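Asks:
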Amino acid sequence: MATAVEAQKITYHPIKPWISQKAVPILTFSFYLFAGLLAFSVYKDWIWLSIPLVLVVSHLMHGLLICFHEATHCTMRKGRLANEIDGTLIGISCWISFTLYRVTHQTHHMHLATEKDVELWPFVDTNKPRWARRLAAFIELNFGLFFTPFLFWRVFFMRDSPIRNKRVRRKIWLEGAATVVVWTIVVASVAHFGLWKYFWWCYFIPSFIAGNLQSWRKYIEHMGLEGNTPKSATRSIVADTVPGKVVSLTLLHEPLHGIHHVKSSIPHGDLPQHVDKIIPEDDGDIRLFPHYRAALFHLISKLRDPQVGGQWKQDEPKKAPVEQPSLAGSV
10 MATAVEAQKI TYHPIKPWIS QKAVPILTFS FYLFAGLLAF SVYKDWIWLS IPLVLVVSHL
70 MHGLLICFHE ATHCTMRKGR LANEIDGTLI GISCWISFTL YRVTHQTHHM HLATEKDVEL
130 WPFVDTNKPR WARRLAAFIE LNFGLFFTPF LFWRVFFMRD SPIRNKRVRR KIWLEGAATV
190 VVWTIVVASV AHFGLWKYFW WCYFIPSFIA GNLQSWRKYI EHMGLEGNTP KSATRSIVAD
250 TVPGKVVSLT LLHEPLHGIH HVKSSIPHGD LPQHVDKIIP EDDGDIRLFP HYRAALFHLI
310 SKLRDPQVGG QWKQDEPKKA PVEQPSLAGS V
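Every letter in the sequence shown is one number past the one before it in the numbering used here, and letter 68, counting from 1, is 77.
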C-alpha cells in the first residue's frame with residue numbers, strides 16, 4: 010500500500026490535453042479496427058492471429074464499458090441526448106438498462122462504501138458472512154459478464170429498492186424490454202444464417218473477458234479499503250510511463266478514480282490535469298499506486314475477507330486492554 014509519504018514520491022506528467030480529450034474517438038476507432046481484423050482472421054481460420062486479437066478487442070470492449078459509465082455522468086459526449094443515446098445502446102449490448110445503471114450509480118457516489126452503496130453489495134453489508142462474500146467475489150471476478158447485470162437488476166427488483174419513482178421505473182421496464190427484443194433478433198439471426206463462429210469469437214469471448222476485466226478494475230478501485238471518503242475508499246493508479254498512459258487513455262482515465270470521486274463532474278479528458286486533487290497533504294488516507302500491478306497485489310492481499318467501508322472497523326468487537334506488566338523490581 011502506498012502511504013502518504015510514498016504517494017508524494019509518485020511523479021506524474023499529464024498527457025497532452027488535446028490527446029486526452031480525444032480518448033472516446035480514439036477508443037471507438039481502435040475498437041472497430043481491431044474488431045474488423047478479428048472478424049477477418051476468424052473468416053480465414055487464422056487461430057494464431059485470432060487469439061491475440063481477442064485479447065486486444067477485450068481490452069477495448071472494457072474501455073467501451075467505461076464509456077457507459079461516463080454517459081451516466083454526461084461526460085462521454087457533449088449534450089445530454091447524445092449521452093442518453095450512446096448509453097442506451099451500450100446498455101443493450103451488455104444487458105443493463107442505462108437508466109437503471111445511472112440511478113444505481115448515483116447511490117454509489119452519494120453513499121460511497123457505506124451499507125447504502127448497493128453497487129458494492131454484498132461487501133458493504135456487515136451482516137453478510139465471510140463465506141457469502143467470498144462466493145460473490147469469486148463469481149463476480151470470474152463471471153462478471155453475468156454477475157454485473159444481476160447486481161443492477163437486483164437493485165430494481167429488491168423489496169426495498171431505492172428506485173421508487175414510477176416514471177423512472179417505467180423507463181427501466183421499457184429499456185429492459187428493448188434489450189430482450191434486440192437480443193431475440195440477434196440470436197435468431199445468428200442461428201438462421203449460421204454465424205455462430207463469428208458470434209463466439211467476435212462477441213461472446215471478448216465480452217466474457219471484458220466483463221471480468223471490468224470486475225477486476227472495480228475491485229482494484231474499492232475492494233478491501235476501510236474508509237467512506239473519496240480518498241480513503243478509492244485506489245488511484247497514477248502511472249507516469251508511456252504504457253501506463255496508453256492504458257489510462259484507452260480506459261478514459263478511469264485509473265485516476267479518486268479524482269472522479271472527489272469531483273464527478275470533471276470530464277474524463279480533463280482528469281489527468283487534476284491529479285493534485287488526490288495528492289495527500291497530512292491526512293495519510295490516500296491510496297495511490299504507480300501502476301496496476303502494485304494495486305493488484307494490494308487488492309489480492311484483501312480478498313481473503315472481501316469487504317469495503319469503515320463500517321467494518323466499527324463492527325469489530327472491542328478487545329480488552331492488555332494489562333501492562335509492572336516494572337517494579339525489574340532493576
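Beta carbons are placed, not taken as given, at the ideal position from N, Cα and C, and that holds for glycine.
Please read these numbers as outputs of a predicted model, since none were measured by experiment.
#1: So for Phe-77, helix, strand or coil by DSSP?
#2: Which residues does DSSP pair with Ile-35 in a beta bridge?
#3: What separation, rounded to the nearest whole angstrom, lies between the Cα atoms of Phe-161 and Gln-223?
#4: Taking the straight line between their C-alpha atoms, what separation do you get for Ala-80 and Leu-312?
#5: Please state whether DSSP places Ser-67 in a helix, a strand or coil.
#6: Just the Cα atoms here: how many angstroms apart are Lys-254 and Leu-261?
#7: Run the CB neighbour count on Leu-74, radius 10 Å, all protein chains shown included, and call it buried at 16 or more, exposed below.
#8: So, is Asn-174 buried or exposed, given that buried needs 16 or more other C-beta atoms within 10 angstroms?
#9: Pro-281 and Ser-29: beta carbons closer than 7 Å?
#10: Run through DSSP, which three-state label would Leu-297 get?
#11: Secondary structure at Ile-268, three-state DSSP: helix, strand or coil?
#12: Express the C-alpha separation of Lys-53 and His-117 in angstroms, rounding to a whole number.
#13: Comparing C-alpha positions only, which one of Ser-39, Ile-214 and Val-189 sits nearest to Ile-63?
#14: Whose CA, out of Tyr-21, Phe-156 and Gln-115, lies closest to the CA of Trp-104?
#15: Kindly indicate the opening and closing residues of the alpha helix (DSSP H) around Trp-140.
#16: Buried or exposed for Gly-72, please, with buried defined as at least 16 other CB atoms from any protein chain shown within 10 angstroms of its CB.
#17: Taking just the CA atoms, how far does Leu-98 sit from Ile-4?
#18: At the level of alpha carbons, what is the spacing between Cys-211 and Asp-314?
#19: Taking the C-alpha atoms as reference points, what is the distance between Pro-138 and Ala-145?
#20: Does the contact criterion of 3 or more C-beta pairs under 8 Å hold for the stretch 181-201 versus the stretch 34-53?
#21: Kindly confirm or deny that the stretch 117-134 and the stretch 220-235 touch, where touching means at least three C-beta pairs closer than 8 Å.
#22: Spatial neighbours of His-277 within its chain, please: C-beta separation below 7 Å, excluding the five flanking residues on both sides.
#23: Counting only the same chain and skipping the five closest in sequence on each side, list residues whose C-beta sits under 7 Å from that of His-22.
#24: Identify whether Ile-60 lies in helix, strand or coil by the three-state DSSP scheme.
#25: Where Gly-267 and Ser-198 are concerned, what is the direct C-alpha to C-alpha distance, given to the nearest angstrom?
#26: For Val-271, collect the residues of the same chain with a Cβ closer than 7 Å to its Cβ; drop the 5 residues on either side in sequence, then sort them by chain order.
#27: For Pro-264, count neighbouring C-beta atoms within 10 Å of its own C-beta (all shown protein chains included) and say buried if the count is 16 or more, exposed if not.
Replies: Looking at the atomic coordinates:
#1: helix
#2: Paired residues: none, contrary to the question.
#3: 14 Å
#4: 30 Å
#5: helix
#6: 10 Å
#7: buried
#8: exposed
#9: yes
#10: strand
#11: helix
#12: 45 Å
#13: The sequence given here has Val at residue 63, not Ile. When only C-alpha atoms are compared, the closest one is Ile-214.
#14: Phe-156
#15: 139-151
#16: buried
#17: This structure cannot settle anything about residue 4, because the visible part of the chain is limited to 10 through 340.
#18: 36 Å
#19: 11 Å
#20: no
#21: yes
#22: Ala-32, Glu-79, Thr-84, Leu-261 and His-262
#23: Asp-249
#24: helix
#25: 43 Å
#26: Pro-239, Lys-286 and Ile-287
#27: buried
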